[in-house]
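**Q** This structure is in structure tokens; I'll ask about it shortly.
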Amino acid sequence: MLKSIKFKLVIWCLAVFSLVFAGLEIYLYYKLEGVVISLVDDHLSTSVQSLANLLTIEEAHGQLEKELAELSSTATGDYAKSLSGHYYQVLSPDGEVVVRSPSLSISGASLPAMKGITETAKYETVTGPAGERMRMITKPVRYAVGHLTFQAADDLADTYLLVISFRNIILYIFPAVFILTIGGVFVITGVALKPLKRFSSKLGQITEENLNARVDSDGLDDELAPLASSFNMMLARLEGSFSRQKQFLSDASHELRTPTSIIRSYCDVTLGKERTVKEYKETLNKVSTSVNRMCEIINRILVISRLDAKTIEWKPARIDLFDIMKDVVKLLEPAAAGKDVVLKLKGVSAVVKGDREGLTEALTNIVENAIKYNKPDGRVDMTVKEDGGIAPFGEFAVVSVADTGIGIPEGEREKIFDRFYRVDASRGVTVGSGLGLSIVRTIVEAHGGGIEVESETGRGSTFVVRLPKNLDLKNGD
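Residues 212 to 688 in the working numbering are what the sequence shown spells out, letter by letter.
Spelled out as structure tokens, the structure:
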């Protein structure tokens, strides 16, 4: 459940929703508080202005007190409404309270003293006589005989009921909206992930029996279409790999069937009746030849399997290809002499970094084929050189093996590197497993190189191997 994409999406959406909702609530709360305070300030300003407009300063303080008392008892309409339920007081120029509202007179209290001298109206949130939270205005008013300072204050308790009610409504709404959001997110994520479920279901139907099936990307979202394309490319590679594996097993079985059939046939015939020692020896020699061929096929199959699985443990070292070719010539001189083929090697030292055993096997296979498919009294000319610069600074080491044999038909030249492929009919030779050149190409490519063949039917073939000199060979490559 915790690893479910749907669950994670729901959690993330709810987290984002909660943060946004909380932020919005805080913003609206303080915004509403500011609006309410502004309304209170406007009301206080109107109250003070109403009071100031009803006073005339022509007499001493006694007359002022009289007018204020009359104002408090006789004001009607908007003025009475603006004064009722408020604290107010009037201060003389020296800061003495000369008039108080009845609510202040009864308790003998005063509004908080003005902090400093102000020329304009000043609004403050203060603590009232009873400890209540109040909003207060202090406003100087200039008259002909001087100036008076008017102060009025309003208890914010009733005003804040609106703000608190708004906050409570939000808190009550939040759980309902939260639950609706959960449901909505579940529905939306379910719809959004539906194509992914269909995609997964389609992939689940693909097995080794139907690797040719593909995921239809039509109608998929933009995010899933590239994924479907990648899966289709992967399936194509898997299909090719399985096809090659099946073909390889089929070819291997076919190649092994021939020597095993020969062995069984010789054994059945020989054991059919009593034979002389000479006949038994002849049979064993024939069986030995077939067994040797089977061993060769099996060994090469194992090599190819290890190369395919990339489990070959390469032993990188600096090796001279010219030295390797000299060893190959010494190894194959007896076979060449048996076919009256002359081996000629020339060139320069060409050092590469690679696996000596692997490269020796690859080059031996090439020269062995040049001898095998050559004509009597033929030649095999081998050359080692550097390319891409001046020796010893060339970028590539190049080994070419040219024979004077029967050549390869043009349509067969690329196929000779396929596994178990042999041009038996045209070359007139049936020896070999058909795996040698496939192994050669795999080893050369593992060393970052390449192999090419040029051939002319009836005149011979030339195999060219190019290996980079600065390759950093790694195991498993």
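Heads up, the beta-carbon is just placed ideally off N, CA and C, and yes, glycines get one too.
With DSSP as the reference, please indicate the residues paired to Leu554 in a beta bridge.
**A** DSSP, once it has assigned bridges, lists Val591 as partnering Leu554.
**Q** Could you check the C-alpha separation between Ala602 and Phe628 for me, to the nearest Å?
**A** Caution is warranted here: a pLDDT of 44 is assigned to Ala602, below 50, making its placement in the model unreliable, and the coordinate value is therefore given only provisionally. Straight-line Cα distance between these residues: approximately 31 Å.
**Q** Does DSSP classify His358 as helix, strand or coil?
**A** His358: strand per DSSP, three-state reduction.
**Q** Relative to the C-alpha of Met593, which candidate in Lys557, Thr615, Thr571 has its C-alpha closest?
**A** Answer by Cα proximity: Lys557.
**Q** Would you please state the rounded distance, in angstroms, between the beta carbons of Ala332 and Ser258? I believe it to be under 8 Å.
**A** Between Ser258 and Ala332 the Cβ distance is about 12 Å, and since that is not below 8 Å, they are no contact.
**Q** Taking just the CA atoms, how far does Phe410 sit from Asn443?
**A** Each residue's alpha carbon lies about 12 Å from the other.
**Q** Return yes when the Cβ of Ile393 is within less than 8 Å of the Cβ of Leu225, no when it is not.
**A** Contact flag set, yes.
**Q** Among Gly622, Ile417, Glu434, which has the Cα closest to the Cα of Leu404?
**A** Looking at the Cα atoms, Glu434 is the closest of the given residues.
**Q** Leaving out five residues before and five after Leu414 in sequence, what residues of the same chain have Cβ atoms less than 8 Å from its Cβ?
**A** For Leu414, where only same-chain residues beyond five positions count, the Cβ hits under 8 Å are Val426, Phe442.
**Q** Would you list the residues sitting across from Ser171 in a DSSP beta bridge?
**A** Since the displayed the chain opens at 212 and closes at 688, residue 171 lies outside it and no answer follows.
**Q** Spatial neighbours of Asp551 within its chain, please: CB distance less than 7 Å, with the 5 preceding and 5 following residues excluded, ordered by chain position.
**A** Once the five neighbours on either side are set aside, the close Cβ partners of Asp551 are Pro587, Asp588.
**Q** Can you give the Cα-Cα distance for Thr360 and Trp223, rounded to whole angstroms?
**A** If I take the Cα positions, the gap works out to 58 Å.
**Q** Taking the alpha helix (DSSP H) that Lys526 belongs to, which residues open and close that run?
**A** Per DSSP, Lys526 belongs to no alpha helix (DSSP H) and is neither H nor E.
**Q** Pull up the DSSP beta-bridge partners for Lys333, would you.
**A** Per DSSP, Thr349.
**Q** Would Thr500 and Thr481 qualify as a contact pair, given that the criterion is a beta-carbon distance under 8 Å?
**A** Not a contact, by the Cβ cut-off of 8 Å.
**Q** For Asp614 and Leu554, I'd like the C-alpha separation in whole angstroms.
**A** Looking at the two C-alpha atoms, the distance is approximately 9 Å.
**Q** When burial is assigned at 16 or more other CB atoms within 10 Å of the CB, is Ala528 buried or exposed?
**A** Exposed, because fewer than 16 other Cβ atoms sit within 10 Å of the Cβ of Ala528.
**Q** Buried or exposed for Ser649, going by 16 or more other Cβ atoms inside 10 Å?
**A** With 16 or more Cβ atoms within 10 Å of its Cβ, Ser649 is classed as buried.
**Q** Indicate the three-state DSSP secondary structure (helix, strand or coil) for Leu340 in the structure shown.
**A** For the record, residue 340 in the displayed sequence is Pro; it is not Leu. Looking at Pro340 - three-state DSSP - the assignment turns out to be coil, as it is neither helix nor strand.
**Q** Is there at least one Cβ from chain C nearer than 8 Å to Met505's Cβ?
**A** Absence of chain C from the displayed structure is noted, only one protein chain being present.
**Q** Whose CA, out of Tyr477, Thr668, Phe232, lies closest to the CA of Tyr383?
**A** The option with the nearest alpha carbon to Tyr383 is Phe232.
**Q** Could you tell me the alpha carbon to alpha carbon distance between Val563 and Ser454, rounded to whole angstroms?
**A** If you take the alpha carbons of Val563 and Ser454, they lie about 35 Å apart.
**Q** Just checking my contact of Glu693 with Lys537 at CB under 8 Å: how many whole Å lie between their CB atoms?
**A** Residue 693 falls outside the range modelled here, since the chain spans only 212 to 688, and no answer is possible.
**Q** Ends of the beta strand (DSSP E) at Arg311?
**A** Here the beta strand (DSSP E) through Arg311 covers 308–311.
**Q** If we ignore side chains and look at the alpha-carbon of each, how far apart do Phe228 and Ile248 end up?
**A** If I take the Cα positions, the gap works out to 30 Å.
**Q** Looking only at C-alpha atoms, which of Val559, Lys596, Arg504, Arg652 sits nearest to Glu572?
**A** The shortest Cα separation from Glu572 among Val559, Lys596, Arg504, Arg652 belongs to Arg652.
**Q** Who are the Cβ neighbours of Ala436 in its own chain at under 6 Å, not counting the five residues just before and after it?
**A** Same-chain partners within the cutoff: Ser428.
**Q** With 16 as the cutoff for other CB atoms within 10 Å, does Val578 come out buried or exposed?
**A** Buried, by the Cβ-count rule.
**Q** Can you name the residues that DSSP bridges to Lys564?
**A** Lys564 is bridged to Arg529.
**Q** Whose C-alpha, out of Val352, Leu372, Asp366, is nearest the C-alpha of Leu706?
**A** Because residue 706 is not part of the residues shown, which for the chain are 212 to 688, the question remains open.
**Q** So what's Ser611 in DSSP terms, helix, strand or just coil?
**A** Strand, per DSSP.
**Q** Just verifying my parser: in three-state terms, what is the DSSP assignment at Tyr240?
**A** The answer is helix: DSSP assigns Tyr240 an H, G or I state.
**Q** Along the chain, where does the alpha helix (DSSP H) that runs through Tyr371 open and close?
**A** From DSSP, the alpha helix (DSSP H) with Tyr371 extends over 368–415.
**Q** Below 8 Å between beta carbons: does that hold for Arg677 and Val609?
**A** Going by C-beta atoms, Arg677 is nearer than 8 Å to Val609.
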